[in-house]
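As structure tokens, the structure follows; a few thoughts come after it.
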Ligand code: ASP
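Residue numbers (my numbering): 16 to 454.
Below, the structure is given as structure tokens:
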């Protein structure tokens, strides 16, 4: 029998109606055995997610102010869901236990985790499946890092004998028994851990979009969903700004080649995006998989005549950034010039010290900082002759009147990264998209 781990995000659990859609999806395919849930998300634009309400409770408690009115709002949301589904969970005692814990010591991770905890309890009862509290099996070490092997072991021992289960996403426990959460959006990671622990055939990640779009739909209104994307391509696009999955959700499943299917709870018939280790060979419909980009970057450009004839210049330069704990995005080297791309917000407060150290240690001929830059990446592992595609993309951007500040083309597969002024960001993305749509 096939086994799927299925994770539902906050928008899929926003109210009783969404819970009903989730049950219909689960009942449609017996393979959907292990269900991971987030906390209820926003029901309409401007509504507040349960996790954000919990965060507000915690902040009030920390300041010594009354958090009970805020906590009552959360209880009312869960009460609505239970009433809509005809579930008789004793919310009164659940919420009085939460209030007691907050009064004793407002521990942030514990407070934030209660949305997933209750959401999973309700879903378990609604589906008639056992509820699994991840505090029993998702383990973090003293530094707050996930203990992967221990977690796989514990999850697998608990889950494998069961026909199915509902597991709360987003949290686990620290060595002292306290609750520890992943970073926000972390239920995606729990879903991936569960998929790996049960060696699932597929990890379905249910959300409110029909997959990853080939480009940001706010810039390209007719952007199409991506049918297939490789783990590697997804990593690049996510790093560059495309947000569809928590970045830590790929590694647990990619190690076992478990595909991830991004699906839409509101349009379950849509195929969604399939994230795989290798794009299918016959998938030649498009040479480019997707485009993503980021603004808010700066470039530090250092030039020194004849420097390429020597050794160690780049190492000294990078050491200066390391010393100031400023990570860089890219390091582009030319003959006698080096350009380091950095997130402007990280550079800002250290700029003067870094310039001083570069001047002192490297005595460059010129040293320039260019701000308000953006980076755009285009990936496509099936691009065939990636040089030819890159040339076409670059010329499309130039024909749109955009001047390109930096170009970085990864070796082999198509992975082009270009730097353009922030003011040209939208124009460049539109030009790139138009060019791939023709190809
Ligand atoms: N509820 C948490 C958040 O809003 C975790 C999650 O949804 O994955 O970030």
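Note that beta-carbon positions come from the ideal geometry of N, C-alpha and C, so glycine has one too.
Length of the line joining the Cα atoms of residue i and residue j
i: residue 12; j: residue 279; result: With the chain covering only 16 through 454, there is no way to say anything about residue 12.
i: residue 76; j: residue 186; result: 21 Å
i: residue 294; j: residue 379; result: 45 Å
i: residue 60; j: residue 66; result: 16 Å
i: residue 197; j: residue 71; result: 18 Å
i: residue 152; j: residue 246; result: 26 Å
i: residue 230; j: residue 207; result: 25 Å
i: residue 85; j: residue 346; result: 47 Å
i: residue 216; j: residue 338; result: 45 Å
i: residue 29; j: residue 194; result: 24 Å
i: residue 387; j: residue 81; result: 43 Å
i: residue 189; j: residue 51; result: 20 Å
i: residue 360; j: residue 421; result: 20 Å
i: residue 243; j: residue 304; result: 8 Å
i: residue 78; j: residue 125; result: 17 Å
i: residue 169; j: residue 44; result: 26 Å
i: residue 430; j: residue 281; result: 33 Å
i: residue 20; j: residue 248; result: 22 Å
i: residue 139; j: residue 146; result: 5 Å
Residues bridged to residue i [DSSP beta-bridge criterion]
i: residue 146; result: 181
i: residue 392; result: 307 and 432
i: residue 20; result: 49 and 218
i: residue 155; result: 161
Any non-hydrogen atom of ligand 1 within 7 Å of residue i CB
i: residue 66; result: yes
i: residue 263; result: no
i: residue 92; result: no
i: residue 202; result: yes
i: residue 199; result: yes
i: residue 185; result: yes
i: residue 53; result: yes
i: residue 219; result: no
i: residue 242; result: no
i: residue 131; result: yes
i: residue 25; result: yes
Residue i, buried or exposed, once every other Cβ within 10 Å from all chains shown has been counted against 16
i: residue 255; result: buried
i: residue 390; result: buried
i: residue 172; result: exposed
i: residue 275; result: buried
i: residue 397; result: buried
i: residue 376; result: exposed
i: residue 35; result: exposed
i: residue 269; result: buried
i: residue 220; result: buried
i: residue 458; result: No information on residue 458 is available, as it lies outside the stretch 16 to 454 that the chain covers here.
Rounded Cβ spacing between residue i and residue j (contact assumed at less than 8 Å)
i: residue 130; j: residue 55; result: 7 Å
i: residue 135; j: residue 210; result: Not quite, the Cβ-Cβ distance comes to about 17 Å (not below 8 Å), so this is no contact.
i: residue 406; j: residue 447; result: Not quite, the Cβ-Cβ distance comes to about 13 Å (not below 8 Å), so this is no contact.
i: residue 94; j: residue 106; result: 6 Å
i: residue 395; j: residue 314; result: Wrong, their Cβ atoms sit about 25 Å apart, outside the cutoff.
i: residue 392; j: residue 287; result: Incorrect: roughly 22 Å between the Cβ atoms, too far for contact.
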